[in-house]
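Student:
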Amino acid sequence: MMKSFTFFNKLAFTFTLAILGISLNAQDVMVFKIASPAGAAGTYTLYRSAFGPQDGDEILDKGIKVADPLSACTALANDQTNSITFLDRGTCTFVEKVKNAQSAGAVAVIICNNDGDVLNPGGDDPGDITIKSFLMEKPDCDKIKVALGAGAVNGNIVVRQCEPVPPSNAVWGAVQGEGDFNEGLNGWTITTEEGKGWIWSADGDCVASFSPNPCNMNTPTICNGAVSVNSNALDVSGDCQAVCPTSIISPNIDLSNVDITALSVQFNQAIRDFGSEYFVITSYDNGLTWADTFAINNDVFSNDAFVYNQVVRVGLCGVPTDITQIRIQFLINANYYFWGIDDVFLVNEAYADPQANNNFWSVAPSLKTPVSQATSFPLLSDVRNNGAVPSPNTVLTARVSRVGAGGLTEIYTQTNDYGTLDACEQVENINFANQFDEPTEVGVYQLDYVIDSDNNKFAANDTRSSRFLMTENVFSNALTEPEFGRAYLGRFISGVNAAFIGANINFWSLGTSYYVENGTGMKASEFRFGVDTLASNGNYSASLTCSVYKIVNNDDNPDTPDDDESGTLTGDERVLVGRGVDQDGAEELFIDNTTEGRRRSKFLLTNLDGGELTLEDNTEYVFMVNVRAFSGTAYFPFLSFNPNSSNTTLRWSYTEATNFANAQVGVHRNFGTLVSRGATEDDVVDERSLATRFFKRMYSEVSIDPATNTTDELDEMAVSVHPNPTSGDLYIDMNLTNATKQVLVEMYDLTGKKMSSQSFNNIRTESLKVNTNTLNTGVYFAKITTDEGTASRKVIVTK
Numbered sequence: 000m001m002k003s004f005t006f007f008n009k010l011a012f013t014f015t016l017a018i019l020g021i022s023l024n025a026q027d028v029m030v031f032k033i034a035s036p037a038g039a040a041g042t043y044t045l046y047r048s049a050f051g052p053q054d055g056d057e058i059l060d061k062g063i064k065v066a067d068p069l070s071a072c073t074a075l076a077n078d079q080t081n082s083i084t085f086l087d088r089g090t091c092t093f094v095e096k097v098k099n100a101q102s103a104g105a106v107a108v109i110i111c112n113n114d115g116d117v118l119n120p121g122g123d124d125p126g127d128i129t130i131k132s133f134l135m136e137k138p139d140c141d142k143i144k145v146a147l148g149a150g151a152v153n154g155n156i157v158v159r160q161c162e163p164v165p166p167s168n169a170v171w172g173a174v175q176g177e178g179d180f181n182e183g184l185n186g187w188t189i190t191t192e193e194g195k196g197w198i199w200s201a202d203g204d205c206v207a208s209f210s211p212n213p214c215n216m217n218t219p220t221i222c223n224g225a226v227s228v229n230s231n232a233l234d235v236s237g238d239c240q241a242v243c244p245t246s247i248i249s250p251n252i253d254l255s256n257v258d259i260t261a262l263s264v265q266f267n268q269a270i271r272d273f274g275s276e277y278f279v280i281t282s283y284d285n286g287l288t289w290a291d292t293f294a295i296n297n298d299v300f301s302n303d304a305f306v307y308n309q310v311v312r313v314g315l316c317g318v319p320t321d322i323t324q325i326r327i328q329f330l331i332n333a334n335y336y337f338w339g340i341d342d343v344f345l346v347n348e349a350y351a352d353p354q355a356n357n358n359f360w361s362v363a364p365s366l367k368t369p370v371s372q373a374t375s376f377p378l379l380s381d382v383r384n385n386g387a388v389p390s391p392n393t394v395l396t397a398r399v400s401r402v403g404a405g406g407l408t409e410i411y412t413q414t415n416d417y418g419t420l421d422a423c424e425q426v427e428n429i430n431f432a433n434q435f436d437e438p439t440e441v442g443v444y445q446l447d448y449v450i451d452s453d454n455n456k457f458a459a460n461d462t463r464s465s466r467f468l469m470t471e472n473v474f475s476n477a478l479t480e481p482e483f484g485r486a487y488l489g490r491f492i493s494g495v496n497a498a499f500i501g502a503n504i505n506f507w508s509l510g511t512s513y514y515v516e517n518g519t520g521m522k523a524s525e526f527r528f529g530v531d532t533l534a535s536n537g538n539y540s541a542s543l544t545c546s547v548y549k550i551v552n553n554d555d556n557p558d559t560p561d562d563d564e565s566g567t568l569t570g571d572e573r574v575l576v577g578r579g580v581d582q583d584g585a586e587e588l589f590i591d592n593t594t595e596g597r598r599r600s601k602f603l604l605t606n607l608d609g610g611e612l613t614l615e616d617n618t619e620y621v622f623m624v625n626v627r628a629f630s631g632t633a634y635f636p637f638l639s640f641n642p643n644s645s646n647t648t649l650r651w652s653y654t655e656a657t658n659f660a661n662a663q664v665g666v667h668r669n670f671g672t673l674v675s676r677g678a679t680e681d682d683v684v685d686e687r688s689l690a691t692r693f694f695k696r697m698y699s700e701v702s703i704d705p706a707t708n709t710t711d712e713l714d715e716m717a718v719s720v721h722p723n724p725t726s727g728d729l730y731i732d733m734n735l736t737n738a739t740k741q742v743l744v745e746m747y748d749l750t751g752k753k754m755s756s757q758s759f760n761n762i763r764t765e766s767l768k769v770n771t772n773t774l775n776t777g778v779y780f781a782k783i784t785t786d787e788g789t790a791s792r793k794v795i796v797t798k
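Numbering (numbering that gives the first Met the number 0), first residue to last: 0 to 798.
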């Protein structure tokens, strides 16, 4: 579990300080400024595209229109002459959209971001784009679109004024040259050698690995410079190899004339993290000692997308109210990738700021669940008061709503009362009193955790939301790419420590687990997964097999072998119950980089005898794909995604908190993706050790359908078939305990379609002759039904 803004008391730090001074030219940053109507008036942040004109020429007194179609992936149907054109992100490239708008007469383009990731739109500049284009965040776009729907909107694209915009009650930073790094450091000091830690940058450049290029911090006063640490570049160059500690320290701030109620530090940041540590440290004696340390950015997700222009407020809890001076230090133990700050303010205001934490709340155990398998799951969200004063009467509400065309319809609510949260207090691991029972009606549902108190200062961090889908018959831990709106799935191995899987890249297993609440009379019929292309060395080929396991006693008794807390599932903790076959009945599926439809590959599921894979109540099943690769120098590219992300849609599938909350009430389940550890060519596939990986989700789907066979299975010795394969008649030898009045023999293909049916009367030990001449070459299942029960046998027909 993670914690945010942790407070460490009375830690002393001393540094040898080196003053770093740099002078460069700053960059013009453009914004969209609306004068009317009043409901939309204001200044809106823009993220400039990497292609097209990069000058600061303003675009004034133009019309504002919405593209038709909104995607702008084809020629526009409506004239955009002399207009600023609004259009939506997705489906095609940014360059294509802007070219289509330009062809329709647009003078500029604003692309509405319908994704959680904010970026400067990129793409190869074709050289014939003559208009500026920008990205705007979705809430801003939605507000402007509503205004456009009601009438004309008067707005201009202008250069943002390079002056600090202080919050209320700021006692330092409101004056240019204090916390805005105007044309240099202005009395701030850096603790590392020049160019080997924090630096001042004139243009807010934030290019590092996995950032767009160009990349700009886009803070309010980036036009006059900012400070940053590019630990990616420092490590690669050797100037300060990871982990690289470096600090930047403010001038001494005079508070002798300030009546202190409670202090906080506010700043804007751009960040992409990979295991760095971040701190705000305070001194009250001009840096002779450093009394209080506050850990920050613990709620920033490792290896996530770049975050731009994020406002951070740190309550300085426990700081004495009688101090007369303060210095503020920003320390990073830099591992990777980038941290930049700008527009630093010291605020004197007594406020509480309760939040529902963004990194630990329970979600539905499966993103998609068949209505026949509706289960209950625990409700939990960690909470925190970011303010420097207590938060009285703090209540967290869990609310479930059905999502419909008209909005949300509430169907469930429950509260947790926290009383008073102290300043900077975090409370973890408190389950709600009651579990939530999933609906049994097909539809989309939203789970919200909403916190409030008597003096809640900021609403932006009050709510954490996720959605889940109740389906006709599909389990899944991921949205399809059409449902998501873009191709978001990537390779499982990307960002995974290869040593975890093993040195032999050709032999490993990957899979996922689903909990079956109501297995009686049901079967698992199909397992679907996806295969990507490789970014490099793109030729690959492999033989894949599918294993289905039942987890042993996963719920009831933690003292028996199961996966309750270890995070690893051994061969003794699961039972093999099924296999996968292809459409021809073969147990090996061959896929290479030319296979059609590989992003949606599938196995048909059978039990170990080749019959239906029937299920049990209250049982967890694991569906694994085992790889035996023939070629390639990279791991087989299963499709997956990272749910431990700031992208809220991806986070719908992050079940670590759900598992933890279940374990607190004695329920031990392993919802997540499982991967083999250290597999080799010689090991036994069904004895491989499987480990849970919460930070990666394999894309998978399992179809759950009514079983054709719901009566007792006949003993293996009671029924046998021969010859098998057969090219003509099939003989079924019966060896029943008692004579049966009728035996019904039905032949089904692999899709479950009945192909033929024959009945026989008064049978006990006879041999039954079944004509297969009407069947084509292929794999079939013979279902034999008697008074004593049923049997299913796999039959291969050849012609």
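Heads up, the beta-carbon is just placed ideally off N, CA and C, and yes, glycines get one too.
How big is the Cα-Cα spacing for Thr292 and Ile280?
Tutor: Along the sequence shown, one-based indexing puts residue 292 at 293. Along the sequence shown, one-based indexing puts residue 280 at 281. Roughly 4 Å separates the two Cα atoms.
Student: Okay, do the stretch 215 to 224 and the stretch 151 to 163 touch, 3+ Cβ pairs below 8 Å being the bar?
Tutor: Touching, per the Cβ criterion.
Student: Ordered along the chain, which non-local residues of its own chain (more than five positions away) have a Cβ less than 7 Å from that of Gly194?
Tutor: The residue given as residue 194 occupies position 195 in the sequence shown. Within the same chain, Gly194 has close Cβ partners Asp238.
Student: So for Lys798, helix, strand or coil by DSSP?
Tutor: As a first step, residue 798 must be located in the sequence shown, where it is residue number 799. DSSP places Lys798 in coil when its eight states are reduced to three.
Student: Which of the three DSSP states, helix, strand or coil, is assigned to Gln445?
Tutor: Within the sequence shown, residue 445 is the residue found at index 446, counting from 1. In this structure, Gln445 counts as strand in the three-state DSSP scheme.
Student: What three-state label does DSSP hand Ser22 in the structure shown?
Tutor: Here residue 22 is taken as the residue at index 23 of the sequence shown, counted from 1. Bear in mind that a pLDDT of 29 at Ser22, under 50, signals an unreliable position, so the number given afterwards is only what the model happens to contain. Reduced to three states, the DSSP call for Ser22 is coil.
Student: With 16 other CB atoms within 10 Å as the buried threshold, where does Ile410 fall?
Tutor: Looking up residue 410 in the sequence shown gives position 411. Exposed.
Student: Quick one: is Leu395 buried, meaning 16 or more other Cβ sit within 10 Å of its Cβ, or exposed?
Tutor: For the purposes of this step, residue 395 is identified with residue 396 of the sequence shown, where counting begins at 1. Leu395 comes out buried.
Student: Rounded to whole angstroms, what's the CA-CA distance from Val402 to Ser48? Just pull it up for me.
Tutor: Along the sequence shown, read from residue 1 onward, the residue named residue 402 stands at position 403. Along the sequence shown, read from residue 1 onward, the residue named residue 48 stands at position 49. In a straight line, the C-alpha of Val402 is about 34 Å away from that of Ser48.
Student: With distances taken between CB atoms, is the gap from Arg312 to Asn251 smaller than 8 Å?
Tutor: Locating residue 312 in the sequence shown gives position 313, where the first residue counts as 1. Locating residue 251 in the sequence shown gives position 252, where the first residue counts as 1. Against a cut-off of 8 Å, the Cβ pair of Asn251 and Arg312 comes out as no contact.
Student: For Thr739 and Thr784, I'd like the C-alpha separation in whole angstroms.
Tutor: Here residue 739 refers to the residue found at position 740 of the sequence shown. Here residue 784 refers to the residue found at position 785 of the sequence shown. Looking at the two C-alpha atoms, the distance is approximately 10 Å.
Student: Per DSSP, Asp461 forms a beta bridge with which residues?
Tutor: Numbered from its first residue, the sequence shown carries residue 461 at position 462. Beta-bridge pairing links Asp461 to no other residue.
Student: Contact check, Val388 vs Tyr350 under 8 Å by CB: the rounded distance?
Tutor: In the sequence shown, residue 388 corresponds to position 389, counting from 1. In the sequence shown, residue 350 corresponds to position 351, counting from 1. The Cβ separation is near 7 Å, so the contact holds.
Student: Does the distance from the C-beta atom of Asn617 to that of Val576 stay below 8 Å?
Tutor: Looking up residue 617 in the sequence shown gives position 618. Looking up residue 576 in the sequence shown gives position 577. Not closer than 8 Å, so no.
Student: Please go through the same chain and pick out, in chain order, the residues whose beta-carbon is closer than 6 Å to the beta-carbon of Asp555, but skip the five residues on each side of it.
Tutor: Looking up residue 555 in the sequence shown gives position 556. Residue confidence for Asp555 is low, a pLDDT of 44 falling below 50, so the modelled location carries little weight; the figure read from the coordinates is stated next. If we look at Asp555 and ignore the five residues flanking it on each side, it has no Cβ neighbours.
Student: Rounded to whole angstroms, what's the CA-CA distance from Asp141 to Lys61? Just pull it up for me.
Tutor: Taking the first residue of the sequence shown as 1, we reach residue 141 at position 142. Taking the first residue of the sequence shown as 1, we reach residue 61 at position 62. Distance between the alpha carbons of Asp141 and Lys61 is about 20 Å.
Student: Taking the straight line between their C-alpha atoms, what separation do you get for Thr647 and Asn430?
Tutor: Residue mapping note: residue 647 aligns to position 648 of the sequence shown, counting from 1. Residue mapping note: residue 430 aligns to position 431 of the sequence shown, counting from 1. About 22 Å.
Student: Please report the residue range of the alpha helix (DSSP H) in which Ser542 lies.
Tutor: What you label residue 542 is simply residue 543 of the sequence shown in a count that begins at 1. No alpha helix (DSSP H) contains Ser542, which is instead part of the beta strand (DSSP E) from 540 to 550.
Student: Can you give me the start and stop residues for the alpha helix (DSSP H) that Asp56 sits inside?
Tutor: Along the sequence shown, read from residue 1 onward, the residue named residue 56 stands at position 57. No alpha helix (DSSP H) holds Asp56; DSSP gives it neither H nor E.
Student: Could you please give the first and the last residue of the uninterrupted alpha helix (DSSP H) stretch that includes Leu649?
Tutor: By one-based count along the sequence shown, residue 649 stands at place 650. Looking at the DSSP string, the run of the alpha helix (DSSP H) that includes Leu649 is 647 to 650.
Student: Inspect the CB distances between the stretch 446 to 465 and the stretch 610 to 630 and report whether three or more fall short of 8 Å.
Tutor: Counting Cβ pairs under 8 Å, fewer than three are found: no touch.
Student: Which residue marks the beginning of the beta strand (DSSP E) containing Ser132, and which one marks its end?
Tutor: Position 133 of the sequence shown, counting from 1, holds the residue named residue 132. For Ser132, the enclosing beta strand (DSSP E) begins and ends at 131 to 136.
Student: Let me confirm a value: Ser371 is counted as buried when at least 16 other C-beta atoms fall within 10 Å, else exposed. Which label applies?
Tutor: Here residue 371 refers to the residue found at position 372 when the sequence shown is read from its first residue. The residue is buried, with at least 16 neighbouring Cβ atoms inside 10 Å.
Student: Between which two residues does the beta strand (DSSP E) harbouring Asp291 extend?
Tutor: Taking the first residue of the sequence shown as position 1, residue 291 is located at position 292. From DSSP, the beta strand (DSSP E) with Asp291 extends over 291 to 295.
Student: Pairs of beta-carbons, one from the stretch 461 to 480 and one from the stretch 366 to 384, closer than 8 Å: are there three or more?
Tutor: The stretch 461 to 480 is in contact with the stretch 366 to 384.
Student: Among the candidates Asp67, Gly274, Ala269, whose CA atom is the shortest distance from the CA of Trp338?
Tutor: The sequence position of residue 338 within the sequence shown is 339, counting from 1. When only C-alpha atoms are compared, the closest one is Ala269.
Student: Give the C-beta separation of Asn334 and Ala241 to the nearest angstrom, bearing in mind that I take them to be a contact with Cβ-Cβ under 8 Å.
Tutor: What you label residue 334 is simply residue 335 of the sequence shown in a count that begins at 1. What you label residue 241 is simply residue 242 of the sequence shown in a count that begins at 1. Confirmed, about 5 Å.
Student: Given this structure, state the Cα-to-Cα distance separating Ile331 from Trp197, to the nearest angstrom.
Tutor: In the sequence shown, the residue the question calls residue 331 occupies position 332. In the sequence shown, the residue the question calls residue 197 occupies position 198. Cα to Cα, the separation comes out at about 9 Å.
Student: Taking buried to mean at least 16 other C-beta atoms within 10 Å of its own C-beta, is Cys290 buried or exposed?
Tutor: As a first step, residue 290 is located in the sequence shown; it is residue number 291 there, counting from the start. The residue you asked about is not Cys; residue 290 is Ala in the sequence shown. Buried, by the Cβ-count rule.
Student: What does the alpha-carbon distance come out to for the pair Thr789 and Tyr730?
Tutor: By one-based count along the sequence shown, residue 789 stands at place 790. By one-based count along the sequence shown, residue 730 stands at place 731. Put simply, the backbone Cα of Thr789 is about 17 Å away from that of Tyr730.
Student: Can you find the residues in the same chain that come closer than 7 Å, C-beta to C-beta, to Tyr286, ignoring five residues on each side of it along the sequence?
Tutor: Counted from its first residue, the sequence shown places residue 286 at position 287. Contrary to the premise, residue 286 reads as Gly rather than Tyr in this sequence. The answer, listed in chain order, is Ile248, Arg326.
Student: If you measure between the beta carbons of Thr511 and Lys367, is that distance less than 8 Å?
Tutor: By one-based count along the sequence shown, residue 511 stands at place 512. By one-based count along the sequence shown, residue 367 stands at place 368. No, they are not a contact pair.
Student: Just the C-alpha distance for Gly186 and Val174, rounded to the nearest angstrom, thanks.
Tutor: Numbered from its first residue, the sequence shown carries residue 186 at position 187. Numbered from its first residue, the sequence shown carries residue 174 at position 175. About 14 Å.
Student: Looking only at its chain, what residues have a beta carbon closer than 6 Å to the beta carbon of Leu233, apart from the 5 residues adjacent to it on each side?
Tutor: If you number the sequence shown from 1, residue 233 lands on position 234. Cys239, Cys243.
Student: Which residues bound the beta strand (DSSP E) around Thr44?
Tutor: Taking the first residue of the sequence shown as 1, we reach residue 44 at position 45. Taken as a continuous stretch (DSSP letters only), the beta strand (DSSP E) holding Thr44 covers 41 to 44.
Student: Does Asp704 come out as helix, strand or coil in the three-state DSSP assignment?
Tutor: Within the sequence shown, the letter at position 705 stands for residue 704. In the structure shown, the three-state DSSP call for Asp704 is strand.
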